[in-house]
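Novice: Okay, here's the structure, questions in a sec.
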Amino acid sequence: MPVASAAGGRRGPAGHPVRRIYCVGRNYVEHIREMKEGDERDAPFFFQKPTDAVVPDGGTVRYPAATEDFQYEGELVAAVGVSGENIPVDSALAHVSGFAAGLDLTRRDRQREAASSGRPWEAGKSFDQSAPLGTVTPVAEVPGSLLADGELSVWVNGELRQRCRFTQMIWNVPEIVANLSTQYRLEPGDLIYTGTPAGVGSLEPGDTVRVHITGLDDLTVSVV
Numbered sequence: 001m002p003v004a005s006a007a008g009g010r011r012g013p014a015g016h017p018v019r020r021i022y023c024v025g026r027n028y029v030e031h032i033r034e035m036k037e038g039d040e041r042d043a044p045f046f047f048q049k050p051t052d053a054v055v056p057d058g059g060t061v062r063y064p065a066a067t068e069d070f071q072y073e074g075e076l077v078a079a080v081g082v083s084g085e086n087i088p089v090d091s092a093l094a095h096v097s098g099f100a101a102g103l104d105l106t107r108r109d110r111q112r113e114a115a116s117s118g119r120p121w122e123a124g125k126s127f128d129q130s131a132p133l134g135t136v137t138p139v140a141e142v143p144g145s146l147l148a149d150g151e152l153s154v155w156v157n158g159e160l161r162q163r164c165r166f167t168q169m170i171w172n173v174p175e176i177v178a179n180l181s182t183q184y185r186l187e188p189g190d191l192i193y194t195g196t197p198a199g200v201g202s203l204e205p206g207d208t209v210r211v212h213i214t215g216l217d218d219l220t221v222s223v224v
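Following this line, the structure appears as structure tokens:
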């Protein structure tokens with residue numbers, strides 16, 4: 001779990017600071033279709049998770065209360081290293097200091113209840129241990145082809161459940177950073193979960209989830 005830093009913030013895996021956690025909704029066409037939601041080309045929208053929701057690689061996640069449909073969503077996470085607002089798309093990557101594998105864990109039944117009644121998603125998305133995060137790899141050590149040719153895959157108990165290339169994103173990482181920066185001033189320690197592809201599904205106690213991303217350290221957590 002994250003621990004308090006000297007500055008009063010939090011630190012996640014390998015001491016990486018965690019200031020805010022932003023998540024992008026509906027950023028892969030096939031995931032939108034499997035959820036039967038919305039316009040495939042809607043502008044990006046964002047929600048947040050609490051900073052103490054981070055669980056490091058090798059950690060355990062308690063099956064959460066108040067749900068009968070606990071689901072995984074594997075994601076690429078961009079870590080902000082340079083502050084800014086109203087950032088142009090063509091310079092957005094200069095504000096990213098690293099990348100990691102992440103999981104946007106979801107109480108799907110609670111999310112659907114909220115969505116159907118026009119209420120915020122917090123009950124479905126922003127709960128304890130809902131943001132597992134792998135080690136953040138500095139940009140200098142990330143393969144240059146990550147965003148152009150990188151791939152994400154998610155395995156549950158050794159079975160492949162999700163796979164995509166990052167070129168399948170509706171809004172790519174520079175566009176996400178630029179858009180988010182028009183709504184919030186981004187600061188070092190902000191994490192941006194960039195959306196999940198098709199193939200989401202339910203988890204049960206005893207399951208192990210592994211997220212693999214080209215050129216990054218794997219993220220593995222177990223459900224108890």
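In full-length UniProt numbering, the protein residues as written are 1 to 224.
A virtual CB, placed ideally from N, CA and C, is assigned to each residue, including glycine.
(1) So, do the stretch 176-183 and the stretch 147-167 have three or more beta carbon pairs nearer to each other than 8 Å?
(2) Between Gln71 and Arg108, what straight-line distance do the alpha-carbon atoms span, to the nearest angstrom?
(3) Indicate the three-state DSSP secondary structure (helix, strand or coil) for Leu76 in the structure shown.
(4) Name, in chain order, the residues that DSSP records as bridge partners for Ala100.
(5) Quick check on DSSP: helix, strand or coil for Val142?
(6) In this structure, how does DSSP classify Gln168 when only helix, strand and coil are distinguished?
(7) Could you tell me the distance, in whole angstroms, from the CA atom of Tyr28 to the CA atom of Val223?
(8) Let's test the definition: count the other Cβ atoms within 10 Å of the Cβ of Ala6 and tell me whether it reaches 16, buried, or not, exposed.
(9) Hey, is the stretch 112-126 in contact with the stretch 73-83, meaning 3+ C-beta pairs nearer than 8 Å?
(10) Identify the continuous beta strand (DSSP E) that holds Arg210 and give its terminal residues.
(11) Return the bridge partner residues of Thr137 from the DSSP annotation.
(12) Kindly give me the distance between the Cβ atoms of residue 245 and Gly102, rounded to whole angstroms, as I take these residues to be in contact under 8 Å.
(13) What residue from Val211, Val221, Val55 and Val61 has the CA that sits closest to Val154's CA?
Specialist: According to the structure shown:
(1) Result no; under three Cβ-Cβ pairs closer than 8 Å.
(2) It is roughly 6 Å from the alpha-carbon of Gln71 to the alpha-carbon of Arg108.
(3) When DSSP states are grouped into helix, strand and coil, Leu76 belongs to the strand group.
(4) Ala100 pairs with Val77.
(5) Coil, per DSSP.
(6) Gln168: helix per DSSP, three-state reduction.
(7) Tyr28 and Val223: Cα-Cα distance of roughly 26 Å.
(8) Low per-residue confidence applies at Ala6: pLDDT is 31, beneath 50, and the placement is therefore not dependable enough to give any value.
(9) Output reads no: the stretch 73-83 does not touch the stretch 112-126.
(10) Membership of Arg210 in the beta strand (DSSP E) is indicated by the continuous run Thr208 to Ile213.
(11) Paired residues: Phe99.
(12) Because the chain in this structure spans residues 1 to 224, residue 245 falls outside the shown range and cannot be described.
(13) Val154 has its Cα closest to that of Val211, out of Val211, Val221, Val55 and Val61.
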